[in-house]
Amino acid sequence: MAPVTRFAPSPTGFLHIGGARTALFNRLFARHLGGTFRLRIEDTDKQRSTPEAIDAILEGLEWLGLSWDDDVIYQSARAERHREVALQLLESAKAYRCYATPEELAAMREKARAEGRPPGYDGRWRDRDPAEAPAGVDPVIRFKAPREGEQTIEDLVQGFVTVANRQLDDMIILRSDGSPTYMHSVVVDDHDMGITHVIRGDDHLTNAFRQRQLYEAMGWPVPAFAHIPLIHGADGAKMSKRHGALAIGAYRDEGYLPEALRNYLLRLGWGHGDEEIISDAQAVEWFDIANVGKNPARFDFAKLDSLNAHYLRQRDDESLVAALEVRRTARGESGFSEEQAGRLRAGMESLKQRAKRLDDLEAASQVYLAEPPITYTEQAVKLLTPDALGHLAGLRALLEACDWERSELEAATRQFAEEIADPPLKLGKVAQPLRAAITGSKVSPPIFEVMEILGRESCLTRLDSCLEGKIFST
RNA sequence: GUCCCCAUCGUCUAGAGGCCUAGGACGCCAGCCUUUCACGUUGGAAACACGGGUUCGAACCCCGUUGGGGACGCCA
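Basically the working numbering = 1-based index in the first sequence + 1374.
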């Protein structure tokens, strides 16, 4: 039977990196086996769920290229069905009404903890006569879980995990206001949606034991479970905003490519021999949940950057120009002029070689976008010594006579440095000040390429204003 | 506190008893390339947490210690 997996985020925050990986693994697992990957929004906490968060999750998944099958299921819309199942459990005596107050529960927990017992509900209403119910208290419905013995789950990632039933208490499935709890809704929805494999974060491992009891009480087939380790921050502690638990949109804004993020996330906690660069097709072909490691992985921006740089170089120039334009217009700025776009297309091949992220690329592309008078970095100013300016003045005439094509410009500059200058200079002695004069910076793509793309007029204007001493530093 | 899980270079990992004087990648260092910065390329430093077993033989199996992480809500 073809598997059905799902990603089930709760829209109480934004889609973060850990959720993105969970979605990726679910999707790869399903695709590898020719199954279905579904999406369910767990918006049962109406206080904390927001429409903005739902949009952010949907957009984040789309941006990352993690499309899902079928319609999105909203858990909140299914409350009636959840209630129905809870009542069914109540009727068959697999659940019962509990009248314990929140204060009572808190005291219970504290006492248990103090006595070294597992904290949790003690089952005081489990077998009590409902006639004893206090007046004016709305009861919750609790699931009657086995008290004795132990149970074992064969987790696809964690292996065999055994837990004593006394560690688990009778969980609430329906609140006193009649709304279903998460623990209950998940089971009903997963069953109704035909989920065969529940792949989710490690933090749900203990939930699996309770949820399985519910499946069994209903006589439903129990899905396979796979609990993948959480992602940690660079310091090994739990993920926080400081080290990567950012909304997925933040990665986009910083200029990460979805394909790079996918590749990075895939390799976090999973490997296929020595493979590092893995295409989407290979990922689908190779992915096996059993190969996911059990130990939590730390998030490493340096490695993400290097992967991103790789995929950036792999992108075609045209798509990168388009990506840069999107960033501009997203900020409310105008798009590129014909001339700017043309320059960027021409220069992109060497520009992208020098960038790790789109924001780097954007910064570097300024050489082709800035209009004179340009501003000079401090280091560029330092290169433009009186001596250097003297050389540039001499070089100007040779350049002007050129065909304005990179090899000719280089030949002219080389000729000036080696044959005309007295004493003779190394090419760099002239090329560096030339770079500073034209680009306003100490670093840039190859200077003669830049000059060719910028064109004769633009370059000579820049050179002249420089020779006139109009050198303004930032 | 109770329970569960984990443990190979700084980081991600390969490794499923002899192929391991432990491989790859990122990062780091050095060389080469070079008009700068990158790219590329060559080389280098860098790990089986510790202690006991089992075995002819252990990174791999068992036990313990230590160290991490997670779960214990009328949150999801």
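Using N, Cα and C, we set each Cβ at its ideal position, and we do this for glycine too.
Just so we're clear, the structure is a prediction, and the values are computed from it rather than from any experiment.
- The C-beta distance from D1691 to R1731 rounds to 17 Å, too long to meet the 8 Å contact threshold.
- With a beta-carbon spacing of about 6 Å, L1440 and L1398 fall inside the 8 Å limit used to define contacts.
- Taking R1728 as reference, the option from R1687, R1487, H1390 with the minimal CA-CA separation is R1687.
- Apart from the 5 residues on each side of it in sequence, G1523 sits with its Cβ closer than 8 Å to the Cβ of A1538, N1539 in its chain, given in chain order.
- Closest by C-alpha distance to S1815, out of D1761, H1456, A1744, G1768, is A1744.
- With respect to the C-alpha of E1426, the residue from C1472, D1577, S1384, G1645 having the closest C-alpha is S1384.
- Counted as a single uninterrupted DSSP element, the alpha helix (DSSP H) harbouring G1393 occupies residues 1391–1406.
- Put simply, the backbone Cα of R1574 is about 9 Å away from that of R1380.
- Taking P1807 as the centre and dropping the five residues before and after it, the same chain places the C-beta of L1757, L1758, A1762, H1765, L1766 closer than 7 Å to its C-beta, in chain order.
- DSSP places T1536 outside any alpha helix (DSSP H); the residue lies instead in the beta strand (DSSP E), whose first and last residues are 1533–1538.
- Residue nearest to A1738 within the set P1746, P1595, L1718 is L1718 (criterion: CA-CA distance).
- When only Cα atoms are considered, R1414 and I1527 end up about 24 Å apart.
- The three-state reading of DSSP puts Y1470 in strand, counting E and B together.
- The Cβ-Cβ distance between L1463 and A1591 falls below 8 Å.
- Shown here for R1780: same chain residues with a beta carbon closer than 6 Å to its own, the five before and five after excluded, namely F1822, E1823, E1826 in chain order.
- In the assembly as shown, K1726 is a buried residue. Its beta-carbon has 16 or more other beta-carbons within 10 Å.
- L1681 and G1709 have their alpha carbons spaced roughly 28 Å apart.
- Rounded to whole angstroms, the gap between the alpha carbons of S1466 and D1543 is 19 Å.
- In the displayed model, E1524 falls within a strand according to three-state DSSP.
- Annotation for R1584: the continuous alpha helix (DSSP H) segment containing it runs 1579–1592.
- DSSP lists I1515, P1554 as the beta-bridge partner residues of L1548.
- Distance check between A1608 and each of L1579, T1418, A1676, L1828 places A1676 closest, using alpha-carbon atoms only.
- For R1788, the CB contacts under 6 Å within the same chain, skipping 5 residues up- and downstream, are L1801 in chain order.
- With contacts defined by Cβ atoms closer than 8 Å, L1407 and A1382 do not form a contacting pair.
- Within the DSSP secondary-structure output, S1847 pairs in a beta bridge with Y1750.
- For G1768, the enclosing alpha helix (DSSP H) begins and ends at 1760–1774.
- Apart from the 5 residues on each side of it in sequence, W1778 sits with its Cβ closer than 6 Å to the Cβ of R1830 in its chain, given in chain order.
- Per DSSP, the unbroken beta strand (DSSP E) holding I1573 starts and ends at 1571–1575.
- Secondary structure of I1663 (DSSP, three-state): helix.
- Look at D1690 here: in three-state DSSP terms it is coil, with no helix or strand label.
- The residue among N1669, L1461, R1641, A1460 with its C-alpha nearest the C-alpha of A1657 is R1641.
- Here G1629 is buried. Its C-beta has 16 or more other C-beta atoms within 10 Å.
- In this structure, the straight-line span from the alpha carbon of L1548 to that of H1558 is close to 8 Å.
- Contact annotation: P1513 and Y1473 have beta-carbon atoms nearer than 8 Å.
- About 6 Å separates the CB atoms of E1736 and R1701; that is less than 8 Å, so the two are in contact.
- In the three-state scheme derived from DSSP, where H, G and I count as helix and E and B as strand, F1411 is classed as strand.
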